[in-house]
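Chain order of the listed sequences is A and B.
What the first sequence shows, in my numbering, is residues 1 to 355, in sequence order.
What the second sequence shows, in my numbering, is residues 1001 to 1235, in sequence order.
Backbone N, C-alpha and C define an ideal beta-carbon position, used for all residues, glycine too.
Here the structure is a predicted model, which is why all the values come from computation and not from measurement.
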Amino acid sequence: MAFGGGYFKTTYAGDLALIDTRLRRAALGLLVFALIVLPRFASPFMLDLVAQTALAAVGALALNLLTGLAGQVSLGHAGFIAAGAFTTAVLVEHRLPSPLLALPAAALVGAGLGVIVGIPALRLKGLYLALGTLALHHVVLYACGEFQSHWGANTGVSIPPPRFGAWVLKGTIAWYYALTAIGGLVLVLSVNLQRSRAGRAWMAIRDREIAAESVGIDVARYKVLAFVWSSALTSVAGALFAYQRAFVSVEAFGFFLAIEYIAMVIIGGLGSALGAVLGAAFVTLLPYGIDAGVAALRVPGGAEYYLFPLKFGAFGLLMAAFLVFEPQGLVGIWRRARNWVVLWPLRYRPLRPAS
Amino acid sequence: MARPALMLLAALLGVTATVTPALAQYRIGMSAAIAAVLVTITLGILLRAAIVLVYTDRIRHPLPLLGLANPPRRLPGGAVVSTFDLLTVAVAATLFVGLFAFLRLSPLGIQMRAAGEKPLLAAQRGINFQLLFALSWALAGFAGALAGILYANNVRLDPSLGVLGLKAFAVALVGGLDSLGGVIPGALIVAAVEVLSVRYGDPLLADVSPFLCLLAMLPVRPWGLFGTREELERV
């Protein structure tokens, strides 16, 4: 078979390996190589799109830890992103613009918020949890809005480009490499979390909380841990967002952003790191795809007015369609396609492995 | 088009827009409540896009267009409110009494409460709970559309009006999700906090005050002031 040897492993190292077949290793190597040489061929616009996707993927992976693995639905994701971005803004206002300080500070603020949300969230389930996180989102935005109107300029806070000693991170290509590398790191972190003790505990809690507790998982501790990991990573994404845009304003972190992140993990496929990345790419690239499509159609006059509602509507329609028709998301489609190719001309895997 | 026809049309739109998620809900594998929330939100996004596409993205004031006025009225005691404010109170009261009568007295309403409490048991007694869920979505949509009509006439019509609906969550949860009687105290509390925070705080604070009420209520009594206490699940 082209993928994986099933459960037959002869060494512990083989069992621990992240990438278990030669084909996968080759494919991954090829992907990394392609990402490294991409700036030689692609336009700055393309590079920017990839960078944006990588940044969105960090946020989506973080949300996936919480919603996909631990099963705790959060509508407050944009609030955590805002918290990270505004941590950076506060530090910049106090003349401490170094990212070496801002990124850990954002992670700390995020982790703190995660504890603050996670502990009351232990009592809440389903709808109540979703609404609680939604309320939290509004409260965080309110705090950020107060900061913005009292200390920052009324419209927002400008962030200088990150500076490491004498070297300044700016320009599309530098940002492309930085964000793609960070996206890759967070991907590895999230995959490793998923297969660690915490990840397994989260999945058990997601599937059935009482059963998880009865096999000795400390449900309260792991739920709070999920909130802490997720919000810390999300805040880091927010800080990066602030640096990349070079500007922080409350208007960028509305309720719609939270919905976009939920859409990323749902369209990608809940509970799968690959899904979160695919979903991030899908949701980030969709508006540009529609732009390109409309430009290609050459609609005469007044098309600009319809572009925004068209993007908005297409997003809503696709999210509803995925929710209803493909709850497994893009990753479900990918798995089915892969199985179809591998198993063809058969339809199902053999029940017993051929001896 | 005549005025009543327009209003009827708006109400009908609300109904169709809310029957769809009810139908959609049954295909989704996630926990039903969350799926319903997400489908509602996405349909809200869709509807908003549709409104901007076929109508306008500009802020409108429908009253002059309809040729109506909204004169201020002086109440006994010296308070001054607009006519539509009074109308809103009257509509809310009528709706409340109507819903109360429907849920308490009519067979359909009693079936609806049964289906809400235990869908499985209700289905076994021959209640078509899917139809009832669709009906409840339609009722909710109708009430929401009424609120939208009144708000648009009283304040302004603007495509991002839907954000207002988020406040309704706060009211419903503070009062208790499964308690119709809790709606009025819930609404009064949330509204009072909002008015007080405009008076003593600032407008930004007033915007989040419903959510602050919600956050204050959730850790203490997640089921709300008058809701049914939920049974704890423990090992």
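Burial state of residue i (16 or more Cβ within 10 Å)
i         : result
A:His137  : buried
B:Gly1167 : The sequence shown places Lys at residue 1167 of chain B, rather than the Gly named in the question. Buried, by the Cβ-count rule.
B:Tyr1200 : exposed
B:Val1174 : buried
B:Arg1048 : buried
A:Ala292  : exposed
B:Gln1124 : exposed
A:Leu134  : buried
A:Lys223  : buried
B:Gly1029 : Unreliable placement is indicated for B:Gly1029, whose pLDDT of 44 sits below 50; the coordinate value is still reported in the next sentence. B:Gly1029 is exposed by the Cβ-count criterion.
A:Val331  : buried
B:Asn1153 : buried
B:Leu1214 : buried
A:Tyr348  : exposed
A:Thr155  : exposed
B:Ser1160 : exposed
B:Gly1067 : exposed
A:Trp151  : exposed
A:Trp77   : Note on residue identity: the sequence assigns His, not Trp, to residue 77 of chain A. It counts as buried.
A:Ala295  : exposed
A:Leu18   : exposed
A:Gly110  : buried
B:Thr1042 : buried
A:Ser214  : exposed
DSSP three-state assignment for residue i, whether helix, strand or coil
i         : result
B:Arg1073 : strand
A:Ser43   : coil
B:Ile1028 : With a pLDDT of 47 at B:Ile1028, under the threshold of 50, the modelled position of this residue cannot be trusted; read the value that follows with caution. B:Ile1028 falls in the coil class under three-state DSSP.
B:Ser1082 : strand
A:Val342  : helix
A:Arg22   : helix
B:Val1183 : helix
A:Arg163  : strand
A:Pro158  : Looking at the sequence shown, residue 158 of chain A is not Pro but Ser. Three-state DSSP puts A:Ser158 in a strand.
A:Phe247  : strand
A:Lys9    : coil
A:Ala263  : helix
A:Ala280  : helix
B:Pro1219 : helix
A:Val37   : helix
A:Arg347  : coil
B:Phe1226 : coil
B:Gly1067 : coil
B:Asp1202 : coil
B:Pro1210 : helix
A:Leu75   : coil
Partner residues on chain B for residue i, Cβ-Cβ distance less than 8 Å
i        : result
A:Phe255 : Val1163, Leu1166
A:Gly132 : Leu1214, Leu1215, Leu1218
A:Ala320 : Ala1024, Val1039, Thr1042, Leu1043, Leu1046
A:Ile262 : Leu1038
A:Tyr128 : Leu1173, Leu1218, Pro1222
A:Val139 : Val1208, Phe1211, Leu1212, Leu1215
A:Leu357 : This structure gives no information on residue 357 of chain A, because the portion of chain A shown stretches from 1 to 355.
Chain-ordered chain A contacts of residue i [CB-CB under 9 Å]
i         : result
B:Ala1049 : Phe308, Pro309, Leu310, Lys311, Phe312, Gly313, Ala314, Phe315, Gly316, Leu317
Amino acids of chain B, ordered along the chain, whose beta-carbon sits closer than 9 Å to that of residue i
i        : result
A:Glu146 : Asp1202, Leu1204, Leu1205
A:Leu136 : Phe1211, Leu1215
A:Ile259 : Leu1038, Ile1041, Thr1042, Ile1045
A:Leu386 : With chain A running from 1 to 355 in the structure shown, residue 386 of chain A is simply not present.
Cross-chain neighbours of residue i in chain A, by beta carbon under 8 Å
i         : result
B:Val1052 : Phe308, Pro309, Phe312
B:Phe1226 : Here the premise fails: no neighbours, minimum Cβ distance about 16 Å.
Within chain A, partners of residue i - CB distance below 7 Å
i         : result
B:Phe1096 : Here the premise fails: no neighbours, minimum Cβ distance about 22 Å.
CB contact below 8 Å: residue i versus chain D
i        : result
A:Tyr142 : Absent from the structure: chain D. Protein chains present are A and B.
**Asked** Listed in chain order, which residues of the stretch 93-122 of chain A have Cβ atoms closer than 8 Å to some Cβ of chain B?
**Response** Pro120
**Item:** Completely contained alpha helix (DSSP H) runs for the stretch 167-240 of chain A, where each covers 4 or more residues
**Value:** 172-195, 197-207, 209-214
**Item:** Minimum length 3: unbroken beta strand (DSSP E) runs contained in the stretch 1030-1064 of chain B
**Value:** none
**Prompt:** If you scan the stretch 1092-1125 of chain B from start to end, which runs of the alpha helix (DSSP H) of 4 or more residues do you find wholly inside it?
**Reply:** 1107-1117, 1119-1124
**Item:** Complete runs of the alpha helix (DSSP H) confined to the stretch 80-148 of chain A [at least 4 residues]
**Value:** 99-121
**Prompt:** Whole alpha helix (DSSP H) runs in the stretch 1129-1173 of chain B with 4 or more residues, listed along the chain?
**Reply:** 1129-1154
**Request:** Closer than 8 Å, Cβ to Cβ, to anything on chain A: give me those residues from the stretch 1127-1158 of chain B, in chain order.
**Result:** none
**Request:** May I ask you to list, following chain order, the residues of the stretch 176-198 of chain A that have a beta carbon less than 8 Å from some beta carbon of chain B?
**Result:** none
**Asked** Of all the residues that make up the stretch 205-223 of chain A, which are near chain B by a beta-carbon distance shorter than 8 Å?
**Response** Glu209, Ile210, Glu213, Ser214
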